[in-house]
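This report concerns only the one structure given below.
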């Protein structure tokens, strides 16, 4: 789908206006609370800074505090965020298993004290010697194809192409790939959210239900590529740099906050919560 620049910019502005926190530049884009004015030091390249950014006290639609990455981890482990995703995953897996031609290799992963962690498709149970020769990267694709095999989007022929990788690789055949979840950082995540928003606009124009436009798999979008190091050699460098980050990226952050509330199956991790990868 192609997006023209005027449409994208107007969409961003409209999404920003829909957020309760973007009325004036004096309000924080995440909390909607008054934004403290920068100190003289901040105005002069911020060599030191003593204020604490209100961004660290922000709440998102899933109700978790984001003072530190530990709060995110504990919230997910407690089940407040992750339980619904896990429950939905197990329901989908059970539905797919009843229609999957490879349901015979669906194996239980037992717990030592009884019960089970879940179920998975065991590749060794296929008893196909070709699998032992596959690179591990190809085995990951094979497991994904078997797990999602419904003879519609993913067929048994697609699975056979992957198993027969040594012969099909030189032919560059097309194979389906349906990831279980998607991890994004803000540089790649913003265009994805814009695409979803434009699809909702198109659905509205066609008279359909725009709320049906959502990611098909769980998406985690971590905002970690916007911070710049303006303040150094100061005990308050982190707070100062975060404050500047929010000022510079107000519209982007407001748009992503709108997306976190508008779309289902999407978790947006706000700035200051950590990074998604190491360079």
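In our numbering, the protein residues as written are -19 to 259. Idealized CB from N, CA, C, for every residue including glycine. Computed from a predicted model, the values in this text were never measured in an experiment.
- By the neighbour-count criterion, in which 16 or more other beta carbons inside 10 Å mark a residue as buried, residue 138 falls on the buried side.
- Annotated three-state conformation of residue 90 is strand, per DSSP.
- Boundaries for residue 97: no alpha helix (DSSP H) harbours it, while the beta strand (DSSP E) harbouring it runs 96 to 101, taken from the DSSP string.
- Only buried fits residue 180, as 16 or more other CB atoms lie within 10 angstroms of its CB.
- Cβ atoms of residue 254 and residue 248 stay farther apart than 8 Å, at about 13 Å.
- Partner residues in the beta bridge of residue 249, as assigned by DSSP, are 202.
- Of the candidates 250, 162 and 97, 162 places its Cα closest to the Cα of residue 197.
- For residue 224, the closest alpha carbon among the candidates 83, 182 and 207 is that of 207.
- In this structure, the straight-line span from the alpha carbon of residue 236 to that of residue 219 is close to 21 Å.
- Within the same chain, 125, 133, 134 and 138 come within 7 Å of residue 156 by CB-CB distance, once the 5 residues on both sides are set aside.
- In this chain, residue 211 is not harboured by any alpha helix (DSSP H), its DSSP state being neither H nor E.
- Within the segment 106 to 189, the runs of alpha helix (DSSP H) at least 4 residues long that lie entirely inside it are, in chain order, 116 to 127, 136 to 143, 145 to 148 and 166 to 185.
- Your pair residue 136 and residue 153 does not check out as a contact, with CB atoms roughly 15 Å apart and the cut at 8 Å.
- Under the three-state reduction of DSSP, residue 82 is assigned to coil, being neither helix nor strand.
- Residue 89 counts as exposed, since fewer than 16 other C-beta atoms from the protein chains shown sit within 10 angstroms of its C-beta.
- Rounded to whole angstroms, the Cβ separation of residue 166 and residue 111 is 38 Å, and the two are not in contact under 8 Å.
- Inter-residue distance for residue 168 and residue 93 is about 42 Å (C-alpha atoms, whole angstroms).
- In the same chain as residue 145, and ignoring 5 residues on each side of it, the C-beta atoms closer than 7 Å to its own belong to 114 and 118, in chain order.
- In the DSSP assignment, residue 230 falls within the alpha helix (DSSP H) that extends over 230 to 242.
- Going by beta carbons, residue 127 and residue 185 fall outside the 9 Å limit.
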